[in-house]
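Visitor: Taken in order, these protein sequences are the chains called A and B.
With my numbering as the guide, the letters of the first sequence map in order to residues 882 to 1220.
With my numbering as the guide, the letters of the second sequence map in order to residues 109 to 396.
Cβ atoms here follow ideal geometry from the backbone N, Cα and C, with glycine treated the same way.
Here the structure is a predicted model, which is why all the values come from computation and not from measurement.
Pasting a structure here, questions to come.
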Amino acid sequence: MTNRLIHYLEMTGFTWMVPVVRLVRGENLREQLGELFNRVGLPLLAIAIFLLLWSALAAQVKTSLGDLPGPVQVWEQAGNLYAEHQAERGRERAFLERQVERNARLLEADPNAEVRWRSYTGKPTFVDQIVTSLKTVFAGFVLASLVAIPIGVACGLSPRLYGAISPLVQVLKPVSPLAWLPIVTMVVSAVYVSDDPWFQRSFVTSAITVMLCSLWPTLINTAVAVASIDRDWINVGRVIRLPLATRIFKIAIPAALPMMFTGLRISLGIGWMVLIAAEMLAQNPGLGKFIWDEFQNGSSNSLGRIMVAVLAIGIIGFLLDWLMVTLQKCLSHDKTAAQ
Amino acid sequence: MSVLHAIKDLVNEPQQAAQTEPATIRSFLDLSGVSIDFPVRGGSFRALDRVNLKIAKGEYVSIIGHSGCGKSTVLNIVAGLLQATEGGAILEGREVTQPGPERAVVFQNHALLPWLTCYQNVELAVKAIFKGRKSRKEMREWIEHNLKLVHMDHAMHKYPAEISGGMKQRVGIARALAMEPTVLLMDEPFGALDALTRAHLQDSVMAIQAELNNTVLMVTHDVDEAVLLSDKIVMMTNGPAAKVGEVLNIELERPRDRLALASDARYNQYRSEVLRFLYERQRRPQDV
């Protein structure tokens, strides 16, 4: 039972919990405490030193918006942002309740009365912006993977196709997605015309920008991985005369999966970084816009709120990478993926 | 170059025709005039030069030679994984043009797919080959039967990474046997194993052979293995342009027992004949 637990902890990257489980099981105290110190104590110590240095140095910097906020002020602002989010939700709930009551009353007075249902249009809170950014990055990432993986597999299987599109990839790959942003914006506003759009136009623009930059690592890694599959595995497929589709899904993709995942991880990481920049530049809703708005706002709290956003971006980026690694460990035959 | 060869072939033709057996005794697997050229920088490299080989049904034939002489190339041509430049292989009257399950291959390093269990590895082959011919239940029984044959039924739901090298090769053999091959091709099947595991697996192969009486073509560089297992040993000369040097018929009764044979005069006679061919007549060029 505990061995299963340890296995799951290791699979999910919670290796620092393992000594705790072993302690509870009653394994030798000294060794496990030492392990716990190495895995948990040392990182905590490093974080503590960082926070101390931060608070000491931040107080020295005087900006036009007051002192550079230290960890304490940033923590306060995080609390404020959450309280604002709660307040906004409260207002939304109140609005919707009033609407239900009003419409009910109208219908009671006259069953044929024309009632209108409006959705609440309040200012998006910090949490709303996080959710928007996450949705956008996932949309862009999924789009990119849907394009990159099939092309990558095809390139890996056919060296001639790879040779044909390689120059294009080499030229498009180093282009900063922010350089694409004006073009994407214009194309989306020209092509994506609909009276009742599924998605907001800004969402489509951001997602396509993310897609354009997170395409390449997946494509190249998939192509190289498929091209360098063990010859014997290919020969097994030839000897048993597997149809092409089975050969791709039963041999090529599983064999290429570890390297493909490395590409996907890099893609998602780049996508997240680019998204924030794109949101700042294009004023599309999301964390980037939040930072820009706070910067333009210029209140004494602004710098602290921006720092909360910076930390949130970092933590979310880390969680996204953790998600990919865990997914890789679950799906791929190579269980030794680097953390 | 090729024109010259063509002329030489023409000149040699009558002699060769005289040597071949009468057409009535059609051999089961027939390699005739197999040559292969590999492209290298500024020309081509002739690895095999007009290799002729005849194998009867149910025969266990080993190809032995120094490493790099092209013995695996011969096997790959029979498997259809490589195309001969000239000549070709004919199995049961049909020319080999592509790989197929009737010429199942046991690869040197087992070539099991690491993301599939032992059972699933065999299943991949069985599903592809017996699609529409066997029911789901029959397929399962057939897979389990073959894993039992190589004594791997106890670990059939383990992944290749969880079992030893010898066990992996057993599963590799089970996968090949499950294809019901007309000729079983083994490319140094025991080459990557330690001596004890190898002996154990050789005994298993002999026992399976006694039961199924397959036609087997095996590549090896181990003299004892060749003499112990084979009905016929094909000794190849050194490359480049390797050809069949000598063919030795091993007329030892079966079942063969390695302990009893160790002191058997005929066994040692065969052994020393192969050794003499390899180390006196075909010493590796760089050793001379």
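(1) Hey, out of A:Phe1022, A:Gly1167, A:Glu989, A:Tyr1043, whose CA is closest to Ala1190 of chain A's CA?
(2) Which ranges does the beta strand (DSSP E) cover as unbroken runs of at least 3 residues, wholly within the region 354 to 388 of chain B, from first to last along the chain?
(3) Could you spell out the range, first to last residue, of the beta strand (DSSP E) harbouring Met71 of chain B?
(4) Using only the alpha-carbon positions, how far apart do Pro130 of chain B and Arg158 of chain B sit?
(5) Using only the alpha-carbon positions, how far apart do Ile358 of chain B and Ala1126 of chain A sit?
(6) Kindly say whether Thr1099 of chain A, judged by its beta-carbon, lies nearer than 9 Å to any beta-carbon of chain B.
(7) How big is the Cα-Cα spacing for Val355 of chain B and Val169 of chain B?
(8) Leu309 of chain B and Gly274 of chain B: beta carbons closer than 9 Å?
(9) I want to verify the contact list: residues of chain B whose CB lies under 7 Å from the CB of Leu1123 of chain A, in sequence order.
(10) Please specify which runs of the alpha helix (DSSP H), each continuous and at least 4 residues long, are wholly inside the region 128 to 194 of chain B, giving them in chain order.
(11) Starting from Lys340 of chain B, trace the beta strand (DSSP E) in both directions and tell me its first and last residue.
(12) Taking the straight line between their C-alpha atoms, what separation do you get for Glu891 of chain A and Thr1002 of chain A?
(13) Look at the Cβ atom of Cys1036 of chain A, then the Cβ atom of Thr1103 of chain A, and state whether they are nearer than 9 Å.
(14) Hey, could you find the ends of the beta strand (DSSP E) Val291 of chain B is sitting in?
(15) Beta-carbon of Val213 of chain B versus every beta-carbon of chain A: anything under 9 Å?
(16) Checking contacts by CB at 9 Å: is Pro222 of chain B closer than that to chain A?
(17) What are the boundary residues of the alpha helix (DSSP H) that includes Ile1121 of chain A?
(18) Closer than 7 Å by C-beta to Met247 of chain B: which residues in its own chain qualify, once you throw out the five before and the five after it? Chain order, please.
(19) Compare the C-beta of Ala187 of chain B with all C-beta atoms of chain A and state if any pair is closer than 9 Å.
(20) So what does Arg202 of chain B bridge to, in DSSP terms?
(21) Taking buried to mean at least 16 other C-beta atoms within 10 Å of its own C-beta, is Asp295 of chain B buried or exposed?
(22) Let me check understanding here. Comparing Cα to Cα, which of B:Gly150, B:Trp223, B:Arg306 lies closest to His265 of chain B?
(23) Do you know how far the Cα of Tyr889 of chain A is from the Cα of Arg1186 of chain A?
(24) Give a yes or no on whether the C-beta atoms belonging to Ile163 of chain B and Ser180 of chain B are separated by under 9 Å.
(25) Give the single residue among A:Asn961, A:Val981, A:Ser1000 whose Cα lies nearest to the Cα of Phe1007 of chain A.
(26) Along chain B, which residues have their Cβ under 7 Å away from the Cβ of His1214 of chain A?
(27) Express the C-alpha separation of Gln317 of chain B and Leu199 of chain B in angstroms, rounding to a whole number.
(28) Along chain A, which residues have their Cβ under 8 Å away from the Cβ of Gly208 of chain B?
(29) If you reduce the DSSP assignment to three classes, tell me which class Asp1223 of chain A lands in.
(30) Can you give me the Cβ contacts of Asn324 of chain B inside the same chain, cut-off strictly under 6 Å, excluding the 5 residues immediately before and after it?
(31) Please state the DSSP three-state secondary structure of Lys245 of chain B.
(32) Which word fits Phe1171 of chain A, buried or exposed, when buried means at least 16 other C-beta atoms lie within 10 angstroms of its C-beta?
(33) Over the uninterrupted alpha helix (DSSP H) stretch that includes Val1072 of chain A, give me the two end residues.
(34) For chain B, find out if any of its Cβ atoms is closer than 9 Å to the Cβ of Asp1113 of chain A; answer yes or no.
(35) Quick check on this structure: which residue in B:His262, B:Val230, B:Gly201 has the alpha carbon closest to the alpha carbon of Ile251 of chain B?
(36) Counting Cβ pairs, one atom from each stretch, are 3 or more of them under 8 Å apart for the region 931 to 946 of chain A and the region 963 to 974 of chain A?
Guide: Quick look at the numbers:
(1) For the purposes of this step, residue 1190 of chain A is taken as the residue at position 309 of the first sequence. The shortest Cα separation from Ala1190 of chain A among A:Phe1022, A:Gly1167, A:Glu989, A:Tyr1043 belongs to A:Gly1167.
(2) none
(3) In this structure chain B extends from 109 to 396, so residue 71 of chain B is not present and cannot be described.
(4) Taking the first residue of the second sequence as 1, we reach residue 130 of chain B at position 22. Taking the first residue of the second sequence as 1, we reach residue 158 of chain B at position 50. No answer about Pro130 of chain B holds up, because its pLDDT of 45 lies below 50 and its placement is not dependable.
(5) Your numbering for residue 358 of chain B matches position 250 in the second sequence. Your numbering for residue 1126 of chain A matches position 245 in the first sequence. Each residue's Cα considered, the two are about 46 Å apart.
(6) Taking the first residue of the first sequence as 1, we reach residue 1099 of chain A at position 218. False, the Cβ-Cβ gap to chain B never drops below 9 Å.
(7) In the second sequence, residue 355 of chain B corresponds to position 247, counting from 1. In the second sequence, residue 169 of chain B corresponds to position 61, counting from 1. Rounded to the nearest angstrom, the two C-alpha atoms are 10 Å apart.
(8) Here residue 309 of chain B refers to the residue found at position 201 when the second sequence is read from its first residue. Here residue 274 of chain B refers to the residue found at position 166 when the second sequence is read from its first residue. Cβ distance < 9 Å, so Leu309 of chain B and Gly274 of chain B count as in contact.
(9) Counted from its first residue, the first sequence places residue 1123 of chain A at position 242. Under the 7 Å cutoff, chain B gives Ala236.
(10) 179 to 187
(11) Taking the first residue of the second sequence as position 1, residue 340 of chain B is located at position 232. From DSSP, the beta strand (DSSP E) with Lys340 of chain B extends over 340 to 344.
(12) Along the first sequence, read from residue 1 onward, the residue named residue 891 of chain A stands at position 10. Along the first sequence, read from residue 1 onward, the residue named residue 1002 of chain A stands at position 121. Their Cα atoms are separated by approximately 45 Å.
(13) To locate residue 1036 of chain A, count along the first sequence from 1; it is residue 155. To locate residue 1103 of chain A, count along the first sequence from 1; it is residue 222. Going by C-beta atoms, Cys1036 of chain A is nearer than 9 Å to Thr1103 of chain A.
(14) Residue mapping note: residue 291 of chain B aligns to position 183 of the second sequence, counting from 1. Note, Val291 of chain B: beta strand (DSSP E), 291 to 295.
(15) Position 105 of the second sequence holds residue 213 of chain B. Closer than 9 Å to some Cβ of chain A, the Cβ of Val213 of chain B qualifies, so yes.
(16) The sequence position of residue 222 of chain B within the second sequence is 114, counting from 1. Yes, its Cβ sits closer than 9 Å to a Cβ of chain A.
(17) For the purposes of this step, residue 1121 of chain A is taken as residue 240 along the first sequence, with counting starting at 1. Unbroken run through Ile1121 of chain A: none, as it is neither H nor E.
(18) The residue given as residue 247 of chain B occupies position 139 in the second sequence. Here the set comprises Val234, Lys235, Phe238.
(19) Residue numbering aside, residue 187 of chain B sits at position 79 when the second sequence is read from its first letter. For Ala187 of chain B, the answer is yes, since a Cβ of chain A falls inside 9 Å of its Cβ.
(20) Mapped onto the second sequence, residue 202 of chain B falls at position 94. In DSSP, Arg202 of chain B forms a bridge with B:Leu199.
(21) Indexing the second sequence from 1 puts residue 295 of chain B at position 187. Flag for Asp295 of chain B reads buried.
(22) Against the second sequence, residue 265 of chain B aligns to sequence position 157. Comparing Cα-Cα distances from His265 of chain B to each of B:Gly150, B:Trp223, B:Arg306, the minimum goes to B:Trp223.
(23) Position 305 of the first sequence, counted from the start, is the residue given in the question as residue 1186 of chain A. Position 8 of the first sequence, counted from the start, is the residue given in the question as residue 889 of chain A. Approximately 37 Å between the Cα atoms of the pair.
(24) Taking the first residue of the second sequence as position 1, residue 163 of chain B is located at position 55. Taking the first residue of the second sequence as position 1, residue 180 of chain B is located at position 72. Cβ distance not < 9 Å, so Ile163 of chain B and Ser180 of chain B don't count as in contact.
(25) Against the first sequence, residue 1007 of chain A aligns to sequence position 126. With distances taken between Cα atoms, Phe1007 of chain A lies closest to A:Asn961.
(26) Here residue 1214 of chain A refers to the residue found at position 333 of the first sequence. Ordered by position in chain B, the residues that pass the 7 Å Cβ test against His1214 of chain A are Pro222, Trp223.
(27) Working through the second sequence from its first residue, we reach residue 199 of chain B at position 91. Working through the second sequence from its first residue, we reach residue 317 of chain B at position 209. Cα-Cα distance, rounded: 20 Å.
(28) Along the second sequence, one-based indexing puts residue 208 of chain B at 100. Near Gly208 of chain B (Cβ distances below 8 Å), the residues of chain A are Val1120, Arg1122.
(29) Since the first and last residues shown for chain A are 882 and 1220, residue 1223 of chain A lies out of range.
(30) Position 216 of the second sequence, counting from 1, holds the residue named residue 324 of chain B. In the sequence as displayed, the identity of residue 324 of chain B is Val instead of Asn. Only Tyr168, Leu292 meet the Cβ criterion.
(31) Residue 245 of chain B sits at position 137 when you count from the first residue of the second sequence. Lys245 of chain B falls in the helix class under three-state DSSP.
(32) For the purposes of this step, residue 1171 of chain A is taken as the residue at position 290 of the first sequence. Answer is buried; the Cβ neighbour count reaches 16.
(33) On the first sequence, residue 1072 of chain A is found 191 positions in, with the first residue counted as 1. Its alpha helix (DSSP H) spans residues 1058 to 1072.
(34) Locating residue 1113 of chain A in the first sequence gives position 232, where the first residue counts as 1. Yes, contact with chain B.
(35) As a working note, residue 251 of chain B is residue 143 in the second sequence. Among B:His262, B:Val230, B:Gly201, the Cα nearest to that of Ile251 of chain B belongs to B:Val230.
(36) no
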